[in-house]
Structure formats: structure tokens, C-alpha cells
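Chains as they are written, first to last, in our numbering: chain A, 12 to 348; chain B, -16 to 267; chain C, 4 to 356.
Beta carbons are placed, not taken as given, at the ideal position from N, Cα and C, and that holds for glycine.
Okay, structure first, notes after.
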Amino acid sequence: MDKLLIIDDLWISYYKDGKKAYAIRGLNLEVNYNQIVGIVGESGSGKSTLGHAIVGLLPSNSRVEKGRILFEGTDLTKINRRDFYRFRGKNAIFMIFQDPMSSLNPTMKIYDQLREAVQGKRSSNEDFSLTRWFLGNIRKDIIIENKDIIEALKKVGFKNPKEILVKYPHQLSGGERQRIMIAMAYLLKPKLLIADEPTTALDVVTQAQVLKMLLELKDEYKTSIIFISHDITLVSQISDRILVMYGGILMEDGSSEEILKNPLNPYTKGLISSLPIYFKGEGRISPIPGFPPNIFNLPAGCPFHPRCSSNMSICKLQMPKIKKIGESHYVACHLYG
Amino acid sequence: MNTSLMKILTKNVNLLLGTIIIMFFIVMAIISVINIHLLTRYNPNQINFSEANLPPSILHIFGTDQEGRDVFSRVLAALPIDVSIPYIIVGASVLIGLIVGIISGYFGGILDEILMRFTDIFLAFPGILLALAISEILGSSHLAYRLYFSALALIIVNWPVYARLVRGQVLQIKSMPYITLAKVAGLGNYQIMKRHVLPHLIPILLVYSTLDMGTIILSYSILAFFGLGAPPPTPELGRMVYDGLSALPQNWWSSVFPALVITLMALGYSLAGDGLRDLLDLRS
Amino acid sequence: MIFYRLILKRIIEAFLVILGELIIIFYLANIAAPNPATIWAGPEASPQQIQIVTQLYHLNQPWYVQLYYYLGNFFTGNWGISPLYQTPVISLIEEYLPVTLELAIIALILKVIIEIPLGVISALRPNGVLDNTIRITYTVTRSAPPFIVALLLLLGFAYYFHLLPSSYYMNPVLYLHEPKFYVLLFGHKYYIWLIDNMPILNSLLVGDFPALISSIKHIILPSLALMLFGFGGIVRLTRNTMIEVLNMDYIKTARVKGLKERLVVIRHALRNSLLPTITIISIIFSGLMQGSLVVETIFNYYGIGYLIAESLLNLDTPTLIASTVIVTIIVVVSNLIADISYAILDPRVRESL
Chain A
12 MDKLLIIDDL
22 WISYYKDGKK
32 AYAIRGLNLE
42 VNYNQIVGIV
52 GESGSGKSTL
62 GHAIVGLLPS
72 NSRVEKGRIL
82 FEGTDLTKIN
92 RRDFYRFRGK
102 NAIFMIFQDP
112 MSSLNPTMKI
122 YDQLREAVQG
132 KRSSNEDFSL
142 TRWFLGNIRK
152 DIIIENKDII
162 EALKKVGFKN
172 PKEILVKYPH
182 QLSGGERQRI
192 MIAMAYLLKP
202 KLLIADEPTT
212 ALDVVTQAQV
222 LKMLLELKDE
232 YKTSIIFISH
242 DITLVSQISD
252 RILVMYGGIL
262 MEDGSSEEIL
272 KNPLNPYTKG
282 LISSLPIYFK
292 GEGRISPIPG
302 FPPNIFNLPA
312 GCPFHPRCSS
322 NMSICKLQMP
332 KIKKIGESHY
342 VACHLYG
Chain B
-16 MNTSLMKILT
-6 KNVNLLLGTI
4 IIMFFIVMAI
14 ISVINIHLLT
24 RYNPNQINFS
34 EANLPPSILH
44 IFGTDQEGRD
54 VFSRVLAALP
64 IDVSIPYIIV
74 GASVLIGLIV
84 GIISGYFGGI
94 LDEILMRFTD
104 IFLAFPGILL
114 ALAISEILGS
124 SHLAYRLYFS
134 ALALIIVNWP
144 VYARLVRGQV
154 LQIKSMPYIT
164 LAKVAGLGNY
174 QIMKRHVLPH
184 LIPILLVYST
194 LDMGTIILSY
204 SILAFFGLGA
214 PPPTPELGRM
224 VYDGLSALPQ
234 NWWSSVFPAL
244 VITLMALGYS
254 LAGDGLRDLL
264 DLRS
Chain C
4 MIFYRLILKR
14 IIEAFLVILG
24 ELIIIFYLAN
34 IAAPNPATIW
44 AGPEASPQQI
54 QIVTQLYHLN
64 QPWYVQLYYY
74 LGNFFTGNWG
84 ISPLYQTPVI
94 SLIEEYLPVT
104 LELAIIALIL
114 KVIIEIPLGV
124 ISALRPNGVL
134 DNTIRITYTV
144 TRSAPPFIVA
154 LLLLLGFAYY
164 FHLLPSSYYM
174 NPVLYLHEPK
184 FYVLLFGHKY
194 YIWLIDNMPI
204 LNSLLVGDFP
214 ALISSIKHII
224 LPSLALMLFG
234 FGGIVRLTRN
244 TMIEVLNMDY
254 IKTARVKGLK
264 ERLVVIRHAL
274 RNSLLPTITI
284 ISIIFSGLMQ
294 GSLVVETIFN
304 YYGIGYLIAE
314 SLLNLDTPTL
324 IASTVIVTII
334 VVVSNLIADI
344 SYAILDPRVR
354 ESL
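Spelled out as C-alpha cells, the structure:
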């Protein structure tokens, strides 16, 4: 197969208090090698669920009902929990999360957590025993130097890597912790990295740094990245392709340029025109009226129709199907047939 | 009012079961005090060596002890004390702990520091040991009043727990905006404490004291075991267990049955406490 | 070491607490008691004995003088004479305390080794059969007084099935002939009383095999009885903590690094789930020491619990007081050790001190 990741007609359900809802409905997606794909959506769009589903981290009240997730030809939906580790980490799929404050184990030194990434699947329980936990916390010098780790830390911008190694997560700031996660990515060299809102909790300067590091990751190790965010401008800065999701459905799928210059779906148009950057200095910013839906309470037909200015009668009744417009531009909307 | 109570009870198995057990023992204790012969034909203190060490049978449900006394009647006769003393102990501990805790938490400052240091020292003692020591030393000369000294000892050991608990809660409540509002509105401290702080303490105190009843029943039975309870011949569950030890192994029933009754009593409060906790904490 | 200040502070606090407790006991025994002289001389003391005791403990002098002598006596090991055994209290404690320490430590180790894995398994299958069984068991063991378990075990294993012995910590015949452990320093034999009186440790170190077997056989039932009191508490705590921990982001990170599930659970989840258990371990140890009172009485196991029981039943107050103080000190020290261990294992705590 030429493609790194193919998602085929994916349906994912959630159960809560005995009620069932769909977080993702009929999603199709392709990711090439060495490509950055951005996924944009508000809360409830299913974007985060998608990320977790790919890496096998769906919570216990959620299930893949239909569809396939093909990673280099293997259907990940058929892999059980115990064997999934083969498809994670080194040379496989890695993920970084939104909240850097809780992504690292608070009782382990940074060095140990990075060393796990280096060892990958060969990690054994040898030097992680209880006694070493005790001693390691008392004596500062029980650290074996490792060139790869120091290199990775330098790449993510730490001027004094050796100092960072002996620290604990709570001694670092949010931005520093997120950079540690990216350092992990450098060490693991995954084929696919899923970045779930990696910059949402960070300040703008750190945000830019993180984006730069992700681009370097792609360039140097040919890692593909799925960049998930609610911020379409952010996504457009780094992605080759952009997917727009709403209410669990793929609304539009095209290259960065096409999406920004020629948005087809009313929702996409709404997203773009609600941004200050595109505010042309006259009139007002026009946010999309209304609020994103609760997945347990989705409207029938097209999930966006209650808020859509181009609302037609068919929109209430039927879900729009994805149609191809232009070479690599796809859209799901009744306006286009 | 009846229907909502019934609804609460039926939803929560723990609470239901626990309450049934507690009520059962209270009823039995009351009957026992009024007229024990409603339930048994034997005199609990009647020594009768010809009937000694009889195993449990239809005549003697729990068998007889080494001195020929019917164990079941003795258990019944022991109930009034063993059922009511824990209430006194827990009640007094809660009262003292509540007062100290509210004052300490609400007013803060040096008073708080001193009171907390004081309670800390008490808390550092292994509870039962201190109670045993106090009760033994104070009661050494007046054997007849040992019961009261034991109760006092348990109260002394137990109130710091409540003081800490209450103080913790008060500190949390104190930082809530409506307390400041009340102060600004001109309410006096006493009024604030009574109308705003106290109601919030009730759920947690209720849950904790119910669970504590179980613990106190156990602690008191240990004190009684070592002879620090009511003077003989008044029967007492803990003491009966000790008395029966020398008859082991042939006569196991005179120790085991009282111990089982203690377990059941404590179980009732444990279940009720758990049930209350589910009920109250989940709601708030 | 990294955090001298923390350790020092804790040690001083512990010392102050012990001092406070000594004062409370002093108040109890010398001031609040209806008749302090009887307390120290025993209930059957003759008037002359009472005179002697009053002189000895300065009981007719103002409280601060008494306190001075009391504390002095305490720190020099002069803890009075037991009217019951007619020996200095301190030698009684030397003889009986290590036995209980051994018993309690073994019970503690058993508890931890059995309950923590059960907690982990319960967390991995919440609301499963194991989980619910343990929940119900815990409700019962929490309500059962220490005697019932001891009694049932005693009756079952010792008397009906004749599997295990029913009293003493070792076959008395073997004990009498048992050599004592000593350390050879500069040609002198130094006997360590702590080890001397621990049946299992002593026989292990000395190589007295029959004694070792006998003492192990004798410790099984009491330690089981001690361990079962409140069994399930650590299981529940570990289970609840672990369920919370497993939902944390850093567990997701660990998984996503490619670690096998087993490693994720043991290396990341378990580590963080053990911390609350360490917090309550000294409370559990304190409970074990208190439970030894009843268990040792029922099993005739000559430890400090037995000593306290005897002194209670026979109004031997000096022994009672000294034993209570010693056990309290041990509990405070165990609390200290647990606190310090916690600070070593959880780096976040250190910053706030």
C-alpha cells in the first residue's frame, strides 16, 4: 500500500448512562508518508476521538462499530489491547496530548521517562525496580549518560540538557513539558505522530516553537503528522491537507490552499470568516451563530443545518454524502449535489 | 414523609440492612430491660453447675457456660449496656469535637494552633491503649464505677478525631463567599456559626459518627474483655468472650456467640454508615 | 541526602509529640489517679511498701518536681518494678516486646504482599467477581472484633484439625535450650536483646533449625488472625487509587510510547497508586500493635500485647504504663519512617516543605 494510514467508513459510538451516541459517523481519511494532515473542528466534532481511536486508546465506554483503520495495511480495529503495543511508539504511531501538565509521570525523573522512549519495546523492568526508585530519588548522580537523549533535548531547544534530565515534571513549565513530549517523538521516530491540540494550553511564542519543531520532525525523520486543533489558522500554517469535522462527520477535505482560498462547505466558510485575520477592516466579524451540538442530542440530517445560513429543506432529512469537487477537494454538503 | 423515607431506604441496600440490624438490637435491648423473661426463661445470673458446658440445643440456643448459665440469656441481659454505651460515647465525642473544631477552625490564630497541637498529641496515641490505660488507672480504686471511667476514657480518646474532622470542614466552609456575605450583613459570629456553618457539618458528622459507632462497639468490647466494663456479675459481651476462653476448646460456644453478636451489631452500623455515605455524599 | 531539613523537622516534631505523650501519661498516673502510690506499688501493697514508693517517686512533692523525676526516670530506663512479676519493668519489656515486633512486622508484610496485588487485580476488572467479593469481605472484617477471627482460627486449625499449635510462640522445651545470638567484638560477646527475644530471627541467625521450624509453626495462626482484622482496607485503597491513576494522561503517554500493558501497569500505574497506601501504613501498623493485645491473649503468645493484657487483668500498673508508652513510641517512630519514605518516593511533597 502506498498510503501510511487509510480510514475507511469509520463509525465510533459512545455509551453514557445507558444512552448511545455516535462520535464519528462514516469518516474517510487518507494520510500519505511524510505528510501533515490537519483536522479542524469544534468540541463534539469527534476530532479527539479520532486521534484516540487510531492509537487504540478509546475509553471503555466507546467502540468502533463499523469501518477500518488501516495502518500500513493492517486493520487496527481488529487488534486487541494486549497486542496494540506493537503499533505504538518506535517506528509506529505516537501521540502527544493537549495538557502538558498531566502528560508526564509525576514521580519519575525526566531522564527515566525519556529512556523508556529510547528503549522502546525492549524496555525491561531491570533498572526500574522499587529499590532504584528509592535510591534514585536520594542520590542525584544515578544517571547514565545517553547521547541520543541529549541530542533530542537540544533539538527541542533545551540549552542545558543535563540539568533537565534530573528534574521532575512538576519542576518544569507547561511549555517545557510539551517540548519534552516532542523530544520523545524525536527519540521514537514514529511513522505517524498524532498531535491532539498540542498548543492549546501554551502561550503564543511557545506555540510557534512547537510548530517549528513538528515541521523539523517531519523533515528530518519523514514523520507524518495528524495535527488536531480547533484553530484553523494554526492548522493551516503547518498542514499539507486540512480536514474539517463537525458533529462527527467530515465536512470538507482538501489541501491547505484550497480550503483557505476556496472553502466550499458553509461551515468551513463560517470558520474562516469568524477569524480576525480575515477581517477585511469593514463591517464586523461574523461568528457562526449558535453552539456546537451535544453528540447525544444531534439534529437529524446534516448536523450543521440549525446554524447554517444556506439551510435547505433537504438538510434536515438527509446526511450529505462526500463528493469530489476538483482534483483533491472533497466536500459533504447538499449545496453541491 | 413516609413515602420519601421508604424510597430512600429501598434504593440503598446497605442503609436498609444496616438500619434493620440496628433497630433489631435496640428493640431487643429495650425488651431485655423491661422484662427479659419475655424472651427467655432462664435467669442470666443463675449459676447451676449441673447444667454447665452444655452445647447449643433447643433448650439453650447458645448453650451454657462453665458455670451453667444460659449464654443466650446472658447475651440478652448484656444488650442494654452494650447497645447504649456506644451512643453515649459517640454522642459526647461528637459534641466536644464539634465545639472544639468549630472554635478552632472558625477563629483560627494562636487558639487554633494550640488546640491542634493538643489534639495531635492525643491522636498520636494508639487509641485503645490509651483508653485502656486511662480506664485502668482511674478505675483502679472504684471498681464499681469502672464502667463510667471506661466510657470516659473512650470519649477522651475519641473526641480529637471529630475535632480534626470538623475543623477541616470549617476551614473549607470559611472560605466560601456566603460566609463573607453574612459577616458583611452584620451577623454576629455565633449566629453565623449556628445558621451557616453548622448545617454543612451535619451530613459528614452523621456519616462519620455512624461508622464510628461500629468502631466504638469494638473498642468497648475490648475494654470489657479486659475487665474494664461493668463489674460482674452483670453480663457484658466482651467480658463473656474472655470468660469463655478458659473453657476452650470443649466449650467454644460461650466465647464465640457473644463475639458473633458483637460482630453483628458493629456490622449494622458499618452498613448503615456506608449507605448514608452513598446517600449524602453523592447528592452533595 | 537531599532534604536534611525535612527529616530533621520531622524528627523534632516526633520527639515533641512523644514528650507530650509522656506528660499526659504522667498526669494520668501521678496526678489524676485517685491514689498514685497504689498505682506504683500495686493493689496489695502493705503500708510500708506504700511509704517506700511514695519516697521513691516523690509522690508527695509538687507536680513539677514529680515531672522532673518522672522524665528523668523514663530516659534512664528506670521504669519501676512490676508488683505482679516482681522484676524491673524494663527487663519485662525487653523480653516481651521483640516477640510482638516480629509478629506485627510479619503480619504487616503478609497484609501488604497479599492485599496490594489483590487491589491491582480488582482495579483491572472493576465490579468484577473479585472486586465485589472483597468489598463484602471488607465490610465484615471491619466490623468483626479481633477476637472472633482469632477464635475461629484457633478452633478450626488448632483444635479440630490439629494442624497448628494453639499456644506459645515456640515449643517451650526448644526455647529453653536455644542458644542466643551474639556479636563478637574485640573478643567480647555482645548480646542484642532485641534479636535475642525474637523467636524466628534468633533461631535463623543462630542456625537452630528445630527452633526455627517450631517458631514458624507457632506464628502462623496469630499472624493470620492479626492480618485478617480489617483485611480489605488496603485492597480498596489501592483499587480506588489505581482506577483514578489509570485514567490519567501520563498513563496514556506511557501506552503510546509502545510499552507493553504489563509494564504500564507496574511501572507507571502501580508506583503512583502505592503512595496513599504508604500514608496509611503506619496507621495499619498501629492497629496491628493494638490487635496484638487480643490475639496474643487468645493464643498465649508471650508478646507485649500479652504483657499488657496481664497487667490489665491483674492491676499491674507500672508495667501497663511503661508498655503503653513504649508501644506509643514505636507507633510514632513508624509514622516518622512512613512520612520520610513518602517524601522520598513522591518528589512533589518535598517542594512544599
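Any C-beta of chain C under 9 Å from that of Glu34 (chain B)
Glu34 (chain B) does not count as touching chain C.
Q: Buried or exposed for Asp94 (chain A), please, with buried defined as at least 16 other CB atoms from any protein chain shown within 10 angstroms of its CB.
A: Of the residues assessed, Asp94 (chain A) falls on the exposed side of the cut-off, its CB having fewer than 16 other CB atoms within 10 angstroms.
**Study point:** Validate contact between the segment 168 to 181 of chain A and the segment 115 to 126 of chain A using beta carbons, cut 8 Å, 3 pairs
**Key:** A contact exists between the segment 168 to 181 of chain A and the segment 115 to 126 of chain A.
Spatial neighbours of His316 (chain A) in its chain, beta-carbon cut-off 7 Å, leaving aside the 5 residues before and after: Same-chain partners within the cutoff: Pro310, Asn322, Cys326 and Lys327.
- request: Could you check what DSSP says for Leu183 (chain A) in three-state terms: helix, strand or coil?
  value: Look at Leu183 (chain A) here: in three-state DSSP terms it is coil, with no helix or strand label.
When you compare only the Cα positions, how much space is there between Ile270 (chain A) and Ile243 (chain A)? Their Cα atoms are separated by approximately 10 Å.
>> So, at 7 Å on beta carbons, what are the nonlocal neighbours of Lys281 (chain A) in its own chain, with the 5 sequence-adjacent residues on each side left out?
In response: Residue 281 (chain A) is actually Gly in this sequence, not Lys. If we look at Gly281 (chain A) and ignore the five residues flanking it on each side, its Cβ neighbours are Ile299.
Within the 9 Å Cβ cut-off, does Ala36 (chain C) reach chain B? Closer than 9 Å to the CB of Ala36 (chain C) there is at least one CB belonging to chain B.
With DSSP collapsed to three states, give me the class of His345 (chain A).
-> If DSSP states are grouped into helix, strand and coil, His345 (chain A) belongs with the helices.
| task | Consider the Cβ of Ala127 (chain B): report whether some Cβ of chain C lies at a distance smaller than 9 Å. | result | No - not a single Cβ of chain C is within 9 Å of the one on Ala127 (chain B).
Would DSSP call Gly168 (chain A) helix, strand or coil? Residue state, collapsed to three classes: coil.
List the residues of chain E that Leu68 (chain A) touches, going by C-beta distances under 9 Å, in chain order. Included in the structure are the protein chains A, B and C, with no chain E among them.
Q. Nearest to Val221 (chain A) by CA position, among A:Tyr257, A:Tyr232 and A:Phe238, is which residue?
A. Looking at A:Tyr257, A:Tyr232 and A:Phe238, the one whose alpha-carbon comes closest to that of Val221 (chain A) is A:Phe238.
Handout entry: Buried versus exposed, by CB contacts within 10 Å (16 or more), Leu346 (chain A)
Key = Burial check for Leu346 (chain A): the Cβ neighbour count within 10 Å stays below 16, so the residue is exposed.
Is the Cβ of Ala341 (chain C) closer than 9 Å to any Cβ of chain A?
-> With 9 Å as the cut-off, Ala341 (chain C) does not count as an interface residue toward chain A.
(Q) Once DSSP output is grouped into helix, strand and coil, what is the label at Leu38 (chain A)? (A) Collapsing the DSSP output to three states places Leu38 (chain A) in a strand.
- In chain order, what residues of the same chain have a beta carbon less than 6 Å from the beta carbon of Ile109 (chain C), not counting five sequence neighbours either side? Cβ-Cβ distances below 6 Å link Ile109 (chain C) to Ser226 in the same chain, with the five nearest sequence neighbours on each side left out; the list follows chain order.
- Within 10 angstroms of the Cβ of Asp13 (chain A), are there 16 or more other Cβ atoms? Answer buried if so, exposed if not. It counts as exposed.
> Mind checking whether Pro4 (chain B) and Leu254 (chain B) have CB atoms under 9 Å apart?
Replying inline: The residue you asked about is not Pro; residue 4 (chain B) is Ile in the sequence shown. For the pair Ile4 (chain B) and Leu254 (chain B), the CB atoms are nearer than the 9 Å cut-off.
*Would Ile116 (chain C) pass as a contact of Ile120 (chain B) if the rule is Cβ separation under 9 Å?*
Not closer than 9 Å, so no.
Along the chain, where does the alpha helix (DSSP H) containing Lys280 (chain A) start, and where does it finish? Its alpha helix (DSSP H) spans residues Pro277 to Ser284.
With DSSP as the reference, label Ser85 (chain C) as helix, strand or coil. For Ser85 (chain C), the secondary structure class from DSSP, reduced to helix, strand or coil, is coil.
Open item on the list: So that I know if they touch, is there some Cβ in chain B lying closer than 9 Å to that of Ala147 (chain C)?
Closed with: It does; some Cβ of chain B falls within 9 Å.
*Flag this pair as yes or no: are the beta carbons of Val54 (chain B) and Trp142 (chain B) separated by less than 9 Å?*
Contact flag unset, no.
| Just reading off the alpha helix (DSSP H) that Ala219 (chain A) is part of, what are its end residues? | Per DSSP, Ala219 (chain A) is one residue of the alpha helix (DSSP H) stretching across Val215 to Tyr232.
Subject >> Per-residue contacts from Ala209 (chain B) into chain C (C-beta, under 7 Å) >> reply: In the sequence as presented, Ala is not what sits at residue 209 (chain B); that position holds Phe. Under the 7 Å cutoff, chain C gives Ala312, Leu315 and Leu316.
- prompt: Does Met4 (chain C) have its Cβ less than 9 Å from a Cβ in chain B?
  reply: Residue confidence for Met4 (chain C) is low, a pLDDT of 48 falling below 50, so the modelled location carries little weight; the figure read from the coordinates is stated next. So, not an interface residue.
| Hey, would you say Ala107 (chain C) sits closer than 9 Å to Leu229 (chain C), going by beta carbons? | Yes; because the gap between Cβ atoms is below 9 Å, this pair is in contact.
| Comparing alpha-carbon positions, which option in A:Ile249, A:Ile80 and A:Pro331 lies nearest Leu228 (chain A)? | By alpha-carbon distance to Leu228 (chain A), the top candidate from A:Ile249, A:Ile80 and A:Pro331 is A:Ile249.
Starting from the Cα of Ala146 (chain B), find the closest Cα among B:His20, B:Arg222 and B:Phe101 and give me that residue.
When each option's Cα is compared against that of Ala146 (chain B), the closest is B:Phe101.
Residues of chain C with CB closer than 7 Å to the CB of Ser245 (chain B), please, in chain order.
Reading off the sequence, residue 245 (chain B) comes out as Ile, not Ser. Neighbours of Ile245 (chain B) on chain C, chain order: Pro148.
Query raised in the report: Can a CB atom of chain C be found closer than 9 Å to the CB of Asn171 (chain A)?
Result: Proximity of Asn171 (chain A) to chain C, defined by a Cβ-Cβ separation below 9 Å, is not satisfied.
Given a cut-off of 9 Å, decide if Ile104 (chain B) and Asp313 (chain C) are closer than it, judged by their beta-carbon atoms. Note on residue identity: the sequence assigns Glu, not Asp, to residue 313 (chain C). No; because the gap between Cβ atoms is not below 9 Å, this pair is not in contact.
- Query: Got a sec: is the Cβ-Cβ distance from Ser114 (chain A) to anything in chain C below 9 Å?
  - Reply: So yes, Ser114 (chain A) belongs to the interface.
Subject >> Thr256 (chain C) in three-state terms, based on DSSP >> reply: Helix.
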